[in-house]
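Trainee: Letter by letter, the sequence shown follows residues 278 to 534 of our numbering.
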Amino acid sequence: MASHFVNQANTLRLTINANVRTTKKNAKSNCRRTFNAELLRLAIKNYDWNLQGTLEEQHNLLQEKLRRCVDFAATTRQPKPSRLTDETHQLLLKRSRMDRAANPMEFIELSKLIRRKLKEDHQAHRMKRLLDAAEKRRSIKKCRRQLQQQTATLTALKDENGERLTTRIGMEKRCLQFYSELFASKRYVPLILDDRPSEEVPPILPSKVEAAIKTSKNDKAPGPDGITNEVLKAGSYHLFKSSSGLQSMLETRRCSS
């Protein structure tokens, strides 16, 4: 980097010659991880699902074993196709290589054409997604929510004194305070002691666990363990039996406490 300063009659002239290298961050891959249902069933069937230790240790062990089965059957899905057509991509590439100063009018006309093509491609992609969701009997409302380009964000909120809150932490505290006061119990309810003799908690059958898993909805975000409903649905009797034993222990602890 070279610089040159000249100060004449309170006039400052500055000349800077700089070679700046810009690096572009690597975009995240669009490849999504999926699994082979047959391989997952085979891995679950051949795995040892005997759980030992405390309730927390058995829960963590069940998660770890299920993750290993998913890793065994995991594959990589091909990246999603672009919503832009090849013609639009070629126009964008042409504009990026064009000298704007040498051809100003051509650059303006090309930009207008690109904007029109982008709008048409976006509308075509939106219509295709909605028609596909309707034909496959999926939720149209959820599909529209996924196609949203932007979401409205709460920027300000008033506290109990009427003062304006603009920080995220302040608005969260105000919401927590408001709903805590709204749903808080305002009436004292005396505790009723149940003196009936206790009964043994019946065990949870594997068929109940299987029925609950089979009726769960797909395309739901997983928890911190990363296990989706599709993975649980692909499980076999061995997984349902191990889960039912864990659920029975949890229900017994809850009733005893």
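Even glycine gets a Cβ: it sits at the ideal position worked out from N, Cα and C.
Exposed or buried, what is isoleucine 469 when buried is set at 16 or more other beta-carbons lying within 10 Å of its beta-carbon?
Mentor: Result: exposed.
Trainee: Per DSSP, what are the beta-bridge partners of leucine 442 in this structure?
Mentor: Leucine 442 pairs with Leu434.
Trainee: Span of the alpha helix (DSSP H) holding serine 373?
Mentor: From DSSP, the alpha helix (DSSP H) with serine 373 extends over 363-373.
Trainee: Taking the alpha helix (DSSP H) that proline 381 falls in, what are its first and last residues?
Mentor: Where proline 381 is concerned, the enclosing alpha helix (DSSP H) stretches over 381-412.
Trainee: Output needed for histidine 402: all residues of its chain with C-beta closer than 7 Å, excluding positions within five of it in sequence on either side, in chain order.
Mentor: Answer for histidine 402: Arg360, listed in chain order.
Trainee: Using a Cβ-Cβ cut-off of 6 Å (strictly less than) and excluding sequence neighbours within five positions of alanine 314, which residues of its own chain qualify?
Mentor: Within the same chain, alanine 314 has close Cβ partners Ala511.
Trainee: Rounded to whole angstroms, what is the Cα-Cα separation between arginine 298 and methionine 382?
Mentor: Residue placement at arginine 298 is flagged as unreliable, the pLDDT there being 49, under the threshold of 50; the coordinate-derived value follows with that caveat. Going by the C-alpha atoms only, they are around 30 Å apart.
Trainee: How many whole angstroms separate the CB atoms of serine 521 and valine 486, which I take to be in contact at a CB cut-off of 8 Å?
Mentor: 5 Å between Cβ atoms; contact.
Trainee: For arginine 530, count neighbouring C-beta atoms within 10 Å of its own C-beta (all shown protein chains included) and say buried if the count is 16 or more, exposed if not.
Mentor: The residue in question, arginine 530, is exposed, as its Cβ has fewer than 16 Cβ neighbours within 10 Å.
Trainee: Quick check on threonine 352: does DSSP put it in helix, strand or coil?
Mentor: If DSSP states are grouped into helix, strand and coil, threonine 352 belongs with the strands.
Trainee: Is any non-hydrogen atom of the ligand HEM found closer than 8 Å to the C-beta of isoleucine 446, if you look at the structure I gave you?
Mentor: For the ligand HEM, the structure offers nothing, since it holds no ligand at all.
Trainee: Between Arg441, Leu369, Arg406, which lies nearest to glutamine 425 when the distance is taken from Cα to Cα?
Mentor: Ranking Arg441, Leu369, Arg406 by Cα distance to glutamine 425 puts Arg406 first.
Trainee: For leucine 527 and chain D, any beta-carbon pair shorter than 9 Å?
Mentor: Here there is only one protein chain, and chain D is not present.
Trainee: With three or more beta-carbon pairs closer than 8 Å as the criterion, would you say the stretch 313-329 touches the stretch 340-353?
Mentor: Yes, the stretch 313-329 is in contact with the stretch 340-353.
Trainee: Excluding sequence positions up to five away, which residues of its chain have a Cβ less than 8 Å from the Cβ of isoleucine 504?
Mentor: Counting only Cβ-Cβ distances below 8 Å, and skipping sequence neighbours, we find Gln340, Leu343, Arg344, Val347.
Trainee: For the putative contact between tryptophan 326 and serine 519, defined by C-beta atoms under 8 Å, what is the C-beta separation to the nearest angstrom?
Mentor: Contact holds; Cβ gap of about 4 Å.
Trainee: Are the beta-carbon atoms of phenylalanine 517 and isoleucine 490 separated by less than 9 Å?
Mentor: Yes, Cβ-Cβ distance for phenylalanine 517 and isoleucine 490 is below 9 Å.
Trainee: Between isoleucine 391 and threonine 365, is the Cβ-Cβ spacing less than 9 Å?
Mentor: Going by C-beta atoms, isoleucine 391 is nearer than 9 Å to threonine 365.
Trainee: Enumerated in chain order, which unbroken segments of the alpha helix (DSSP H) with a length of 4 residues or greater are wholly contained in the stretch 466-493?
Mentor: Taking only runs of at least 4 residues, the alpha helix (DSSP H) segments lying wholly in the stretch 466-493 are 483-491.
Trainee: Please report the residue range of the alpha helix (DSSP H) in which isoleucine 321 lies.
Mentor: Looking at the DSSP string, the run of the alpha helix (DSSP H) that includes isoleucine 321 is 314-323.
Trainee: Sort Asn495, Val508, Ile417, Asp409 by Cα distance to alanine 350 and report the nearest one.
Mentor: Taking only the C-alpha atoms, the option nearest alanine 350 is Val508.
Trainee: For the putative contact between arginine 451 and leucine 434, defined by C-beta atoms under 8 Å, what is the C-beta separation to the nearest angstrom?
Mentor: The Cβ separation is near 6 Å, so the contact holds.
Trainee: Could you have a look at threonine 529 and say whether DSSP puts it in helix, strand or coil?
Mentor: Helix at threonine 529.
Trainee: Leaving out five residues before and five after leucine 316 in sequence, what residues of the same chain have Cβ atoms less than 6 Å from its Cβ?
Mentor: Closer than 6 Å at the Cβ level, and outside the excluded window around leucine 316, lie Ala350.
Trainee: Do you know how far the Cα of proline 501 is from the Cα of threonine 311?
Mentor: Distance between the alpha carbons of threonine 311 and proline 501 is about 17 Å.
Trainee: Taking the DSSP output, what are the residues bridged to threonine 311?
Mentor: Looking at the DSSP assignment, threonine 311 forms a beta bridge with Thr352.
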